[in-house]
Amino acid sequence: MTGKRNERELEGQLVVHVERFLLELGQGFAFVGRQVRLTIGADEFFADLLFYNFKLRCFVVVELKATAFKPEYLGQINMYMSAVDDLLAHADDQPTIGLLLCKTKNNVVAEYSLRGFSKPIGIAEWESEIVKSLPEEFTSTLPSISELEAELSQDL
Numbered sequence: 014m015t016g017k018r019n020e021r022e023l024e025g026q027l028v029v030h031v032e033r034f035l036l037e038l039g040q041g042f043a044f045v046g047r048q049v050r051l052t053i054g055a056d057e058f059f060a061d062l063l064f065y066n067f068k069l070r071c072f073v074v075v076e077l078k079a080t081a082f083k084p085e086y087l088g089q090i091n092m093y094m095s096a097v098d099d100l101l102a103h104a105d106d107q108p109t110i111g112l113l114l115c116k117t118k119n120n121v122v123a124e125y126s127l128r129g130f131s132k133p134i135g136i137a138e139w140e141s142e143i144v145k146s147l148p149e150e151f152t153s154t155l156p157s158i159s160e161l162e163a164e165l166s167q168d169l
């Protein structure tokens, strides 16, 4: 899958399964929305998927990319995370977590790109375990890629 059209198709396929996905996620996840509009100044931006985790007390922004990881994607998700923290989060919420799902990634490029970032941002390939890309304290709240694949393949 490549291009914006295919990113939308991927997003659509994920949203179709969101109810079952949330049941599988358990652990306090709630679906907030897709293509969530973030108005920043006079500009509008749209976060692909937005969740809230009641156990962690924070929002989780998921940005989907139908291409290999590019360093500039971090600027985009960082902006979305900052906007969610300022526009949507309550003062008692923890900082927003960002999850960038790319078709593929070069681990060295991803590591260099993340160096210096203090925000909780994970970069994962579709084919790898998402939990390996997140800090250890978050891994218990997310399913493995095999669990996700099993859930999504049930309806195909």
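In terms of the numbering used here, the sequence shown is numbered consecutively and its last residue is 169. Note that the Cβ used here is the ideal one computed from N, Cα and C, for glycine as well.
| request: In the DSSP assignment, find the beta strand (DSSP E) that holds glycine 46 and state where it starts and stops. | output: What you label residue 46 is simply residue 33 of the sequence shown in a count that begins at 1. Unbroken beta strand (DSSP E) run through glycine 46: 42-53.
| field | In DSSP terms, what asparagine 66 is bridged to | value | Here residue 66 refers to the residue found at position 53 when the sequence shown is read from its first residue. Per DSSP, Phe42 and Cys71.
| said: Between Asp61, Met92, Asn91 and Pro133, which has its C-alpha nearest alanine 79's C-alpha? | reply: In the sequence shown, the residue the question calls residue 79 occupies position 66. Alanine 79 has its Cα closest to that of Asp61, out of Asp61, Met92, Asn91 and Pro133.
| query | Buried or exposed: proline 133, going by 16 or more other Cβ atoms within 10 Å of its Cβ? | reply | Counted from its first residue, the sequence shown places residue 133 at position 120. Classification for proline 133: buried.
| Counted within 10 angstroms of its Cβ, other Cβ atoms place threonine 117 as buried (16 or more) or exposed | Locating residue 117 in the sequence shown gives position 104, counting from the first residue. Exposed: under 16 other Cβ atoms inside 10 Å.
| For isoleucine 136: DSSP bridge partner residues | Taking the sequence shown and counting its residues from 1, the one referred to as residue 136 is at position 123. Its beta-bridge partners are Leu113.
| message | Give me the DSSP bridge partner(s) of glutamate 57. | response | Taking the first residue of the sequence shown as position 1, residue 57 is located at position 44. Bridge pairing for glutamate 57: Thr52 [DSSP].
| Alpha-carbon spacing of tyrosine 125 relative to phenylalanine 82, whole angstroms | For the purposes of this step, residue 125 is taken as residue 112 along the sequence shown, with counting starting at 1. For the purposes of this step, residue 82 is taken as residue 69 along the sequence shown, with counting starting at 1. Rounded to whole angstroms, tyrosine 125 to phenylalanine 82 spans 12 Å at the Cα level.
| CB leucine 51 to CB leucine 100, shorter than 8 Å? | In the sequence shown, residue 51 corresponds to position 38, counting from 1. In the sequence shown, residue 100 corresponds to position 87, counting from 1. The Cβ atoms of leucine 51 and leucine 100 lie closer than 8 Å to each other.
| said: Which of the three DSSP states is assigned to alanine 123 in this structure? | reply: If you number the sequence shown from 1, residue 123 lands on position 110. Helix.
| Going by beta carbon distance, what residues of the same chain come within less than 6 Å of alanine 43, once the five residues before and after it are set aside? | The sequence position of residue 43 within the sequence shown is 30, counting from 1. If the five residues before and after alanine 43 are omitted, its C-beta is found closer than 6 Å to the C-beta atoms of Tyr65, all from its own chain and listed in chain order.
| query | DSSP state of alanine 96, grouped into three classes? | reply | Here residue 96 refers to the residue found at position 83 of the sequence shown. Alanine 96: helix per DSSP, three-state reduction.
| Residue from Val74, Phe67 and Lys68 with nearest C-alpha to phenylalanine 59 | As a first step, residue 59 is located in the sequence shown; it is residue number 46 there, counting from the start. A check of alpha carbon separations from phenylalanine 59 across Val74, Phe67 and Lys68 identifies Val74 as the nearest.
| Would the beta-carbon of isoleucine 136 fall within 8 Å of that of alanine 96? | By 1-based counting over the sequence shown, the position of residue 136 is 123. By 1-based counting over the sequence shown, the position of residue 96 is 83. For isoleucine 136 and alanine 96, no; Cβs fall outside 8 Å.
| request: Might you give, ordered along the chain, the residues of its own chain that have their beta carbon closer than 6 Å to the beta carbon of leucine 113, omitting 5 neighbours on each side? | output: Against the sequence shown, residue 113 aligns to sequence position 100. Excluding residues within five positions, the ones whose Cβ falls inside 6 Å are Glu76, Tyr86, Ile90 and Ile136.
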